[in-house]
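Colleague:
In the working numbering, the protein residues as written are 28 to 365.
#1: Residue 256: which of 225, 345 and 168 sits nearest, CA to CA?
#2: Spell out the partners DSSP gives residue 323 in its beta bridges.
#3: Please list the terminal residues of the continuous alpha helix (DSSP H) segment that includes residue 173.
#4: Let's see if you can read the secondary structure: which residues bound the alpha helix (DSSP H) around residue 276?
#5: What residue ranges within the segment 201-264 form continuous alpha helix (DSSP H) runs of no fewer than 4 residues, ordered along the chain?
#6: Please classify residue 338: does DSSP put it in a helix, a strand, or coil?
#7: Just to confirm, is the Cβ distance from residue 205 to residue 238 under 8 Å?
#8: Which partner residues of residue 355 appear in the DSSP bridge assignment?
#9: For residue 29, does the count of other Cβ atoms within 10 angstroms reach 16, so buried, or fall short, so exposed?
#10: Considering only residues of the same chain and omitting the five flanking positions on each side of residue 125, which have a CB-CB separation below 6 Å?
#11: Starting from residue 131, trace the beta strand (DSSP E) in both directions and tell me its first and last residue.
#12: Counting Cβ pairs closer than 8 Å, one from the segment 281-295 and one from the segment 173-193, do we hit at least three?
#13: In three-state DSSP terms, what is residue 362?
#14: So for residue 195, helix, strand or coil by DSSP?
#15: Starting from the C-beta of residue 327, find all residues in its chain whose C-beta is less than 6 Å away, skip the five residues before and the five after it, and write them out in chain order.
#16: Roughly how many whole angstroms lie between the Cα atoms of residue 346 and residue 285?
#17: Expressed to the nearest angstrom, what Euclidean distance is found between the alpha-carbon atoms of residue 215 and residue 297?
#18: What three-state label does DSSP hand residue 137 in the structure shown?
#19: Bridge partners of residue 318, per DSSP?
#20: Under 8 Å, with one C-beta from each stretch per pair, do the segment 127-136 and the segment 77-92 reach the 3-pair mark?
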């Protein structure tokens, strides 16, 4: 009985992190205090801005359209001297914000190395009191509506005001941010040419609370017949993730391959490796016949719900895994829109 109570409490914590503490009737998830998990599981981390390279800028902004307003931060690397650069849009996970996500993923340091802009949209606690992107709402899975329209509009604003290389615009995210990244990429393929998803879920994985919890706990098999944009993608998932089931990473890849016109002809190759003093991993690449990459799936053995290879300066990171930020940027650099 105790294990059942603990499992249900974990479900409650997960649900509250996604949908807010006020989404359920009083007593809906009540259990004796002895069965409670530590309150810190989904506590918001303290905001902390990552250090800047001399000459770099980390700008604050707000974007608003008919669907609402969201804040954002835009990283401009010190290497920018007016030339066109790629743009990466990074969507944080629950209980995170742009500063925390930038510190944990170290994507600003990667931007210095790779010479690119990085846009960090910020979820509002007014839209979700745990600051999760609302990937599970049917409204937020439609072109021209909801949060995807805000993120796409914010991206377009950067394209309009900075010399971005239009054929090198990418979107990535963690957990709820990863689920939203595939939604935005699917709804706005004219803006993005590749997607990165860490510990996320497939497009149309859920339409309401019950289907969201089921997808997170068991895998989004209900999305098996839904088509995404078929954009090239790179997926990371820990095989010990108890928050978002690892089966979601497999379905993400299957959905992407199924949705690409040449996905059925892609040729897979498998590589096993290990991070020194860290986790073993399996990487499966899917190549098109012309040698161009279509998809990569990284399974980190022993890892949970955390950004692989991230820094302890941010939340939900695990430095014992392969460096997801640098591997995503490597993959993105091989993909350009025609």
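The C-beta atom is built at its ideal place from N, Cα and C for all residues, glycine as well.
Modeller: Straight from the coordinates:
#1: The option with the nearest alpha carbon to residue 256 is 168.
#2: Looking at the DSSP output, residue 323 bridges to 261 and 312.
#3: Under the DSSP assignment, residue 173 falls in the alpha helix (DSSP H) whose first and last residues are 173-188.
#4: For residue 276, the enclosing alpha helix (DSSP H) starts and ends at 274-286.
#5: Within the segment 201-264, the runs of alpha helix (DSSP H) that reach at least 4 residues and sit entirely inside it are, in chain order, 203-214 and 236-245.
#6: Coil.
#7: Cβ atoms of residue 205 and residue 238: not closer than 8 Å.
#8: Partner residues in a beta bridge of residue 355, as assigned by DSSP, do not exist.
#9: For residue 29, the predicted structure reports a pLDDT of 38, less than 50, and the residue's modelled location is therefore unreliable. A value from the coordinates is still provided. Flag for residue 29 reads exposed.
#10: For residue 125, where only same-chain residues beyond five positions count, the Cβ hits under 6 Å are 100, 147 and 149.
#11: Where residue 131 is concerned, there is no enclosing beta strand (DSSP E), although the alpha helix (DSSP H) around it starts and stops at 125-132.
#12: No: fewer than three Cβ pairs fall under 8 Å.
#13: Coil at residue 362, not helix or strand.
#14: It is a strand residue.
#15: Correct list, in chain order: 265, 306, 308, 335 and 348.
#16: Residue 346 and residue 285 have their C-alpha atoms some 33 Å from each other.
#17: C-alpha separation (whole angstroms): 31 Å.
#18: Of the three classes helix, strand and coil, the one that applies to residue 137 here is helix, per DSSP.
#19: DSSP output for residue 318 lists no bridge partner at all.
#20: Cβ pair count under 8 Å is three or more, so yes.
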